[in-house]
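Quick note: the sequence shown uses this note's numbering, first residue 2, plus one each step. Backbone N, C-alpha and C define an ideal beta-carbon position, used for all residues, glycine too. Working notes, structure below.
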Amino acid sequence: MLRLRPEVYAEIVYLIVLGVGITISAWIVTRRMRRRFKKALRRNASDAELTSIKTWMKVEEEEEQEAKRGPLNPT
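In C-alpha cells form, the structure reads like this:
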C-alpha cells in the first residue's frame with residue numbers, strides 16, 4: 002500500500018471538497034438559467050441554447066419588454 006504524508010491527504014481532501022462544491026454550484030447556476038429561459042421564452046431551453054448568444058439576446062429582449070409592461074397585478 003502506498004504511504005503518503007499527512008499533508009498530501011489534506012490536499013486530496015481539499016481537492017475533493019472543492020470539486021464537490023464547484024459541481025453543486027454549477028448545477029445551481031444551470032437550474033437558475035433554465036428557469037430564466039423558460040420564463041422569458043415560455044418554453045424549455047436545451048443545452049445548446051444555454052450557450053447560444055442569440056438565445057441570450059432573445060431572453061434579454063423579453064425581460065426588457067416585460068419590465069416596460071410592468072407587473073401583471075399592480076397593488
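Outcome for residue i when other beta-carbon atoms lying within 10 angstroms are tallied against a minimum of 16
i   : result
A41 : buried
For residue i, the nearest candidate out of the options (CA to CA)
i   : options         : result
T31 : E67, S47 and R6 : S47
Between the CA atoms of residue j and residue i - distance to the nearest angstrom
i   : j   : result
M2  : V14 : 19 Å
A27 : R44 : 22 Å
E65 : L19 : 37 Å
M34 : T52 : 11 Å
L5  : M58 : 52 Å
V21 : A11 : 15 Å
8 Å contact criterion, which residue i and residue j should meet: CB distance rounded
i   : j   : result
E63 : T56 : That pair is no contact at about 11 Å.
R37 : V60 : 7 Å
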